[in-house]
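Each remark here refers to the structure printed beneath this line.
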Amino acid sequence: MMPQVVTCPTAASAANLAPFVIDEAGLEQGQDQFSRFGFAVLGPAALTNEAIQQLRAEAAKQRNAASWPLRYGDARSQVPEANVRGHFGPSARGFLSGDSVLRLMQTITGQAVSPSWSASCYTWYDIPGAWLGRHLDKQDACFLTMLVGLESHWPADSTPPPGNQLWIYDSFLASRPLFRITTLVNRITILDGKRWPHERRPVQEGQHASVLCACFRAAEL
Ligand SMILES: [Fe+2]
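Mapping of the sequence shown onto our numbering: position 202 corresponds to residue 203, and the numbering continues sequentially without gaps.
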């Protein structure tokens, strides 16, 4: 079953979206994709070089200074997974606090949202076996999500392996994903993750990926 078509307001134009570098055609394509499939893939490049480098540098710092392993069965995790999470620093908080982010979310999804700070973090899949099990996002804390690709590496001369992709399913029981979105540096995926089950298969030796995971609540209007 496909998601309902959403009529999207034109809250943003390419001219008022800095630090995003998405042109009008990209916005229209993103709206159309989200309304039909429940996700939109933007870029690369989705952000200015300066903005993505700031986030990548901050993430590298946070990986060393402010990260923790998350594993199913510990007190924090509620889905099958094993990966590393990290707190945002001022760059990520500043980025997500900007009007452009909310404007872009509303334009692509048709939904007014606000940041859900407690559900948002850096995430690393940089240890062999790191993964994220098939799950749905929480209706309240993660009504919609924005994933910013920060790092993605796999062995040369091979196609992007599963650990470097986000797989999206039409149901929990589906044997094959409907879509496989490859994580790339400076690619952004906006996802209705409360509606569409998604996962990351385990990374293998020689692979790693990291993303900025921003969750949003439905705004109270
Ligand atoms: Fe999720």
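For each residue, glycine too, the CB sits at the ideal point set by N, CA and C.
Computed from a predicted structure; not experimentally measured.
With a threshold of 8 Å, the Cβ atom of Thr184 does not count as near ligand 1, since no heavy atom of the ligand is closer than that. Rounded to whole angstroms, Arg72 and Trp132 show a C-alpha spacing of 10 Å.
Every residue with a CB closer than 6 Å to a heavy atom of ligand 1 is listed here in chain order: His136, Asp138, Gly194, His199. For the pair Val186 and Glu152, the CB atoms are nearer than the 9 Å cut-off. Across the structure, Arg201 and Trp69 are spaced so that their CA atoms are roughly 19 Å apart.
For Leu103, the uninterrupted alpha helix (DSSP H) run begins and ends at 100-110, by DSSP. Beta bridge pairing from DSSP links Pro70 with Val85. For Glu29, the enclosing alpha helix (DSSP H) starts and ends at 25-38. Bounds of any beta strand (DSSP E) do not take in Trp197, whose DSSP letter is neither H nor E. Within the DSSP secondary-structure output, Cys216 pairs in a beta bridge with Thr146. With the rule of 3 Cβ pairs closer than 8 Å, the region 122-138 counts as touching the region 76-96. In chain order, Trp155, Thr183 place their CB closer than 7 Å to the CB of Pro161, counting only its own chain and leaving out the 5 sequence neighbours on each side. Check the Cα spacing between Pro91 and each of Asp75, Asp100, Ala58: the tightest is with Ala58. In the same chain as Glu25, and ignoring 5 residues on each side of it, the C-beta atoms closer than 6 Å to its own belong to Ala15, in chain order. Sequence-distant partners of Phe40 (beyond 5 residues in either direction) whose C-beta falls short of 8 Å from its own C-beta, in its chain, are Gln34, Ile169, Phe180, Ile182, Thr190, Ile191, Leu192, Asp193, Trp197. Here Gln140 is exposed, its C-beta having fewer than 16 other C-beta atoms within 10 Å.
Between Leu18 and Arg104, the gap from beta carbon to beta carbon is short of 9 Å. Among the bridge pairs identified by DSSP, Ala175 is matched with none. Just measuring C-alpha positions, the residue of Ala61, Gly164, Ser36 sitting nearest Met106 is Ser36. Judged by DSSP secondary structure, Gln166 falls within the beta strand (DSSP E) whose first and last residues are 166-169. Residues of the same chain with a CB within less than 6 Å of the CB of Gly130, apart from the 5 flanking positions on each side, are Pro203 in chain order. At the C-beta level, Phe96 and Pro20 come within 9 Å of one another.
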